[in-house]
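Here the sequence shown is numbered in the numbering used here, starting from 4 and rising by one per residue.
Inspection log for the structure reproduced underneath, given as structure tokens.
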Amino acid sequence: MESQPSTKQQALFFFLFFFLLGITSSKCLAMASQFRSFSNNLSKIFFSVLLLTRLVSAQLSSDFYDSTCPNVLSIIKSGVDSAVSNEARMGASLLRLHFHDCFVNASLIPPGCDASVLLDDTANFTGEQSAIPNANSLRGFDVIDTIKSNVESSCPGVVSCADILAVAARDSVVALGGPSWTVQLGRRDSTTASLSAANSDIPSPFLNLSGLISSFSNKGFNAQEMVALSGSHTIGQARCVVFRARIYNESNIDPKYAASLQSNCPASGGDNNLSPLDIQSPTTFNSDYYTNLLNQQGLLHSDQQLFNGGSTDSQVTTYSNDQTTFFTDFANAMVKMGKLSPLTGTDGQIRTNCGAVN
């Protein structure tokens with residue numbers, strides 16, 4: 004018969020067992036923690052390399068087409084000048100197309116200025132043109148299509164729709180008396196578009212100042228750049244539906260100005276009736292937009308928020324008094340906007356038809 008361990012021996016056994024188990028568990032936990040840390044660091048390294056690769060490949064240049072399509076800039080300018088000459092409002096429409104393209108992230112690795120806004124809806128696809136900020140509002144697609152056709156005739160399969168849109172926006176501003184800037188080129192076109200991103204990313208005309216600052220900050224712009232880019236509202240028009248609440252309900256609006264708008268924008272009906280964003284000089288790109296804000300004559304709620312006792316008041320005053328400073332800041336902000344995560348290198352494609360994927 005085997006002898007049984009004593010009570011003390013049993014106690015010592017269990018003490019040593021659980022002691023060793025505790026050490027082993029601690030080591031296992033430590034090893035697991037180290038593995039998780041290593042895994043997390045490896046993931047960070049992977050995505051850093053991915054981002055670095057993307058940043059390196061995303062280098063745009065002003066001479067990108069010098070050897071492959073040397074006449075592209077003159078072709079685009081000719082098309083824009085002709086369209087704006089026929090209808091001055093088209094300049095604002097082309098500028099807005101570029102803005103609404105760049106501010107929308109349509110893919111997992113978010114491109115911005117990728118011509119996703121130009122993709123037409125199909126039976127199996129609903130794109131950005133049907134988004135709330137764009138539906139029955141965006142225009143100028145026919146102008147871009149005409150320019151693209153002329154570019155394709157000169158240099159087939161070379162110039163992206165995204166680059167055409169970026170240059171057309173610059174040329175539109177210049178055609179209406181505004182500043183020029185060097186457009187960096189080399190973007191490629193997306194193969195998809197995002198209705199949901201267009202609905203969420205494009206700043207609403209009903210935002211307060213804090214919302215505007217936040218919306219632009221999400222795209223990497225500070226408050227000063229936001230105010231400068233808002234100066235694009237020195238040209239163009241807006242629909243009654245987006246400013247009706249302001250002219251009937253808000254107090255920070257010049258009463259005579261509000262009354263003058265109400266005849267064309269009744270309390271009900273007339274949603275698509277148009278009024279100029281800049282009452283002083285709606286077809287000239289200048290600093291009158293900011294002077295209007297000083298006089299409480301901003302058409303949109305979001306416009307007047309820039310001068311409403313908040314942190315951007317002083318900048319509005321500066322731009323009203325100094326058009327040169329506004330032009331410089333606007334041009335710099337447009338260059339920055341044109342670089343919002345473009346597709347480059349072998350990403351995306353060069354569309355033959357801007358409204359459809361190849």
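From the three backbone atoms N, C-alpha and C, an ideal C-beta is built for every residue, glycine too.
query	result
DSSP beta-bridge partners for residue 241?	278
How long is the line joining the alpha carbons of residue 363 and residue 142, rounded to whole angstroms?	This structure leaves residue 363 out entirely; the chain is present only between 4 and 361.
Would you list, in sequence order, the uninterrupted alpha helix (DSSP H) runs of no fewer than 4 residues that lie entirely inside the region 318 to 353?	326 to 340
Given a cut-off of 9 Å on the beta-carbon distance, is the pair residue 190 and residue 355 in contact?	no
Quick one: is residue 259 buried, meaning 16 or more other Cβ sit within 10 Å of its Cβ, or exposed?	exposed
DSSP three-state call for residue 188: helix, strand or coil?	strand
Alpha carbon to alpha carbon, what distance is there between residue 160 and residue 314?	47 Å
In the DSSP assignment, find the unbroken alpha helix (DSSP H) run with residue 180 in it and report its ends.	Here residue 180 belongs to no alpha helix (DSSP H), and DSSP marks it neither H nor E.
Who does residue 125 pair with in a DSSP beta bridge?	128
Would you mind sorting residue 361 into buried or exposed? The rule is 16 or more other CB atoms within 10 Å of its CB.	exposed
With a CB to CB cut of under 7 Å and the five nearest residues on each side skipped, what residues in its chain are close to residue 343?	105, 115, 116, 222
What first and last residue would you give for the alpha helix (DSSP H) that runs through residue 230?	226 to 233
For residue 233, count neighbouring C-beta atoms within 10 Å of its own C-beta (all shown protein chains included) and say buried if the count is 16 or more, exposed if not.	buried
In chain order, what residues of the same chain have a beta carbon less than 6 Å from the beta carbon of residue 57, not counting five sequence neighbours either side?	Low confidence applies here, because residue 57 scores a pLDDT of 44, under 50, leaving its location unreliable; read the following figure in that light. Taken in chain order, the list of residues that qualify is empty.
Between residue 87 and the ligand MG, is the CB less than 8 Å from at least one heavy atom?	The ligand MG is absent from the structure shown, which contains no ligands of any kind.
If contact is defined by three or more beta carbon pairs under 8 Å, each pair taking one atom from either stretch, is the region 226 to 245 in contact with the region 317 to 336?	yes
Return the CA-CA distance between residue 181 and residue 88, expressed in angstroms with no decimal places.	15 Å
Do the region 210 to 228 and the region 243 to 256 make contact, defined as three or more Cβ pairs closer than 8 Å?	no
Could you tell me which of 291, 205, 188 sits nearest to residue 239, measuring between CA atoms?	291
Using CA coordinates, which residue listed in 103, 158, 210, 126 is at the minimum distance from residue 144?	103
Does DSSP classify residue 140 as helix, strand or coil?	coil
Thinking residue 84 and residue 178 are a contact (beta carbons under 8 Å), I'd like their distance in whole angstroms, please.	6 Å
Measuring only the C-alpha atoms, how far is residue 224 from residue 198?	23 Å
I need the boundaries of the alpha helix (DSSP H) containing residue 77, first residue and last residue.	75 to 89
Whole angstroms are fine: how far does the CA of residue 186 sit from the CA of residue 165?	12 Å
According to the neighbour-count rule (16 or more other Cβ atoms, all chains shown, within 10 Å of its Cβ), is residue 130 buried or exposed?	buried
Using C-beta distances below 6 Å, list every residue in its chain close to residue 338, excluding the 5 sequence neighbours before and after it, in chain order.	184
Return yes when the Cβ of residue 118 is within less than 9 Å of the Cβ of residue 268, no when it is not.	no
With a 10 Å radius around its C-beta and 16 neighbouring C-beta atoms as the bar for buried, classify residue 227 as buried or exposed.	exposed
So, with DSSP's three-state summary, where would you put residue 207?	coil
Identify the continuous alpha helix (DSSP H) that holds residue 258 and give its terminal residues.	258 to 265
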